[in-house]
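Reviewing the structure listed below.
In the working numbering, the protein residues as written are -18 to 115.
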């Protein structure tokens, strides 16, 4: 029987991201509820051509990154800890204009292209498959 992979990834001995990925990874440290953090999330979405929001150590975020890299896109990755996840989803909902109580709130991993929500893993995979069929 196969053994499951751990949810959290192991950090390299130096304690930082692997070489070459240092500029592409941003982690949220501390309180995400501050207005400065909300402004910085809006700024990231508007400034980055492609940005992926996901949970720290999430394997699906890694899959999205690899699919995008396969298409020649080098996305910025924004990882969030579990305790800050709800606050970030609220901020992202505010960016895309989702009203409270309605469906359509972003789920992780969430991919933003050109400042607009592109979708999640399913949308990236569907785009990847449809491009290979053509």
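From the three backbone atoms N, C-alpha and C, an ideal C-beta is built for every residue, glycine too.
- Contact annotation, residue 34 with residue 69: C-beta distance approximately 7 Å; criterion of less than 8 Å satisfied.
- Within the model, the alpha-carbon separation for residue 39 versus residue 90 is close to 8 Å.
- Around the beta carbon of residue 95, fewer than 16 other beta carbons sit within 10 angstroms, so the residue counts as exposed.
- Taking the CA atoms as reference points, residue 32 sits about 5 Å from residue 93.
- Sequence-distant Cβ neighbours of residue 46 in its own chain, meaning closer than 7 Å and more than five residues away, are 33, 56 and 58.
- For residue 46, the enclosing alpha helix (DSSP H) stretches over residues 40 to 51.
- Here residue 50 is exposed. Its C-beta has fewer than 16 other C-beta atoms within 10 Å.
- In the three-state DSSP reduction, residue 24 falls in the helix class (H, G or I).
- With respect to residue 23, residue 37 sits apart: the two C-beta atoms are not nearer than 8 Å.
- Taking all protein chains in view, the Cβ of residue 101 is crowded by 16 or more other Cβ atoms within 10 Å, so the residue is classified as buried.
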